[in-house]
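Novice:
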Amino acid sequence: MQPRRDRCYVYEPTFVDAPARAEILTWLATLAPLWEQRFSTRRPPPPGKEQRALLRPVYWLGNWQFACLGYYEPPRRIQGVACRAEPFPPVLARLVAQIEKKVRTGFPPQVVPRRWHLNTCLVNFYGDRIEGDRTVDAARVGEHRDFEPGPVASISLGERARFQFVRRGAREAPPVRTQWLEDNSLQIFGGPLWKDDLLHRVQRVEDKHDLSLPPTVAGFRTRRVNFTFRYVPDEHVAPFAELPPRAREDVVDYVTTLATSSPFWRDALRARPV
Ligand SMILES: O=C(O)CCC(=O)C(=O)O
């Protein structure tokens, strides 16, 4: 008997075709990713926590969830944490339209919120930190879940990543599923098992092809780029100018940096109340 197909999980190894890939790489070369600090630099970190830089540079589209604002996490943290960001470039908008169609036609309706659409993208750059004459492999992500409602989709470019779903509190136990995410692949997961009960992680990223993907980031060599697309209800996304004053103050230095290479962020900075 054929095993029942899991309607809440999709893996397609060859989703991104060569023209789309080339267009994405050209667009990536125009980005200036940020290397954020985990907590606000304007006040001491929360009790028991230490300030640290994120493991890797990132760029967000649609809405930027700055690490120091704590990330979008309903029902506790929904206001003042999602800052409107640049729209998707045309190539990603086209791929997202295809992904949304797959979800709407393939996933059980009860795991897709009524107004669900992929309006947020985290671009993760995986690779090595270059520290003087040594390199430090920073290509991994620890166990976590994504709190945005509904299915999340991810596109991978570059070296293969070993992606795993694990049970909460069972870090050392065998993973529930291991999926190598290949160059040009698409993964989508949703529903209570993959999205809520299990945590996921990137255990490691191969380094077989001596890749150096765009853009050039000082002190870093990128060998994999991953785009995770998520849904944040539009009413929870605020323009930078409308973030609460304390949140605006926490992120203004990042926005100022972004504004040096992005007209969108230049306008956002100009529109803020003084
Ligand atoms: O790089 C990946 O494949 C997954 C990234 C991820 O888990 C995340 O951004 O939440």
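Heads up, my numbering is the position in the sequence shown plus 4, with the first residue counted as 1. Glycine included, each C-beta is placed from N, C-alpha and C at the ideal position.
Below 8 Å on the Cβ atoms is my guess for proline 237 versus arginine 119; work out the distance and round it to an integer in Å.
Specialist: Confirmed, Cβ separation roughly 7 Å.
Novice: When burial is assigned at 16 or more other CB atoms within 10 Å of the CB, is tryptophan 184 buried or exposed?
Specialist: The residue in question, tryptophan 184, is exposed, as its Cβ has fewer than 16 Cβ neighbours within 10 Å.
Novice: Which residues in the same chain have their Cβ closer than 6 Å to the Cβ of valine 206, if we skip the five residues on either side of it in sequence?
Specialist: Within the same chain, valine 206 has close Cβ partners Arg144, Val145, Ala165 and Phe167.
Novice: Whole-angstrom Cβ separation of valine 255 and phenylalanine 70, contact assumed at under 8 Å?
Specialist: Contact flag correct, Cβ pair sits at about 5 Å.
Novice: In terms of alpha-carbon separation, which member of His213, Gln191 and Ile134 lies closest to phenylalanine 224?
Specialist: Nearest of His213, Gln191 and Ile134 to phenylalanine 224, Cα basis: Ile134.
Novice: The alpha helix (DSSP H) with alanine 251 in it runs from where to where?
Specialist: Unbroken alpha helix (DSSP H) run through alanine 251: 249-263.
Novice: On the premise that tryptophan 64 lies in contact with alanine 89, defined as a C-beta separation below 8 Å, what is that separation, rounded to the nearest angstrom?
Specialist: Right, the Cβ-Cβ distance comes to about 5 Å (below 8 Å), so this counts as a contact.
Novice: Specify the secondary structure class of aspartate 19 as computed by DSSP and reduced to three states.
Specialist: Per the sequence presented here, residue 19 reads as phenylalanine, with aspartate not at that position. Of the three classes helix, strand and coil, the one that applies to phenylalanine 19 here is coil, per DSSP.
Novice: Report the residue from Arg60, Phe43, Leu59 and Leu58 whose alpha carbon sits nearest the alpha carbon of glycine 52.
Specialist: For the residues Arg60, Phe43, Leu59 and Leu58, the minimum Cα distance to glycine 52 belongs to Phe43.
Novice: Could you tell me which residues DSSP puts in a beta bridge with isoleucine 192?
Specialist: Answer by DSSP bridge pairing, in chain order: Val14 and Ala157.
Novice: List the DSSP bridge partners of cysteine 87.
Specialist: Looking at the DSSP assignment, cysteine 87 forms a beta bridge with Trp68 and Ala242.
Novice: Using the Cα positions of arginine 181 and phenylalanine 169, report the straight-line distance between them to the nearest angstrom.
Specialist: Looking at the two C-alpha atoms, the distance is approximately 5 Å.
Novice: Just curious, the beta strand (DSSP E) that leucine 126 is in, first and last residue?
Specialist: From DSSP, the beta strand (DSSP E) with leucine 126 extends over 124-135.
Novice: Report yes if the CB atom of glutamate 77 is closer than 9 Å to the CB atom of phenylalanine 151, and no otherwise.
Specialist: The answer is yes: Cβ separation under 9 Å.
Novice: Report yes if the C-beta of arginine 205 is less than 8 Å from at least one heavy atom of ligand 1; otherwise report no.
Specialist: At least one heavy atom of ligand 1 is nearer than 8 Å to the Cβ of arginine 205, so yes.
Novice: Does DSSP classify alanine 101 as helix, strand or coil?
Specialist: Alanine 101: helix per DSSP, three-state reduction.
Novice: Straight-line CA distance for glycine 162 to aspartate 132?
Specialist: Looking at the two C-alpha atoms, the distance is approximately 14 Å.
Novice: Return yes when the Cβ of cysteine 125 is within less than 9 Å of the Cβ of phenylalanine 233, no when it is not.
Specialist: Cβ atoms of phenylalanine 233 and cysteine 125: closer than 9 Å.
Novice: Grouping DSSP H, G and I as helix and E and B as strand, with all else coil, what is glutamine 55?
Specialist: Reduced to three states, the DSSP call for glutamine 55 is coil.
Novice: Taking 8 Å as the cut-off, is the beta-carbon of leucine 65 closer than that to any non-hydrogen atom of ligand 1?
Specialist: Answer for leucine 65: no, Cβ out of range of ligand 1.
Novice: Here's a check: name, in chain order, each residue in its chain whose Cβ is nearer than 6 Å to the Cβ of arginine 56, leaving out the five neighbours to either side.
Specialist: Closer than 6 Å at the Cβ level, and outside the excluded window around arginine 56, lie Arg42.
Novice: In whole angstroms, give me the CA-to-CA distance for valine 259 and arginine 274.
Specialist: Cα to Cα, valine 259 sits roughly 11 Å from arginine 274.
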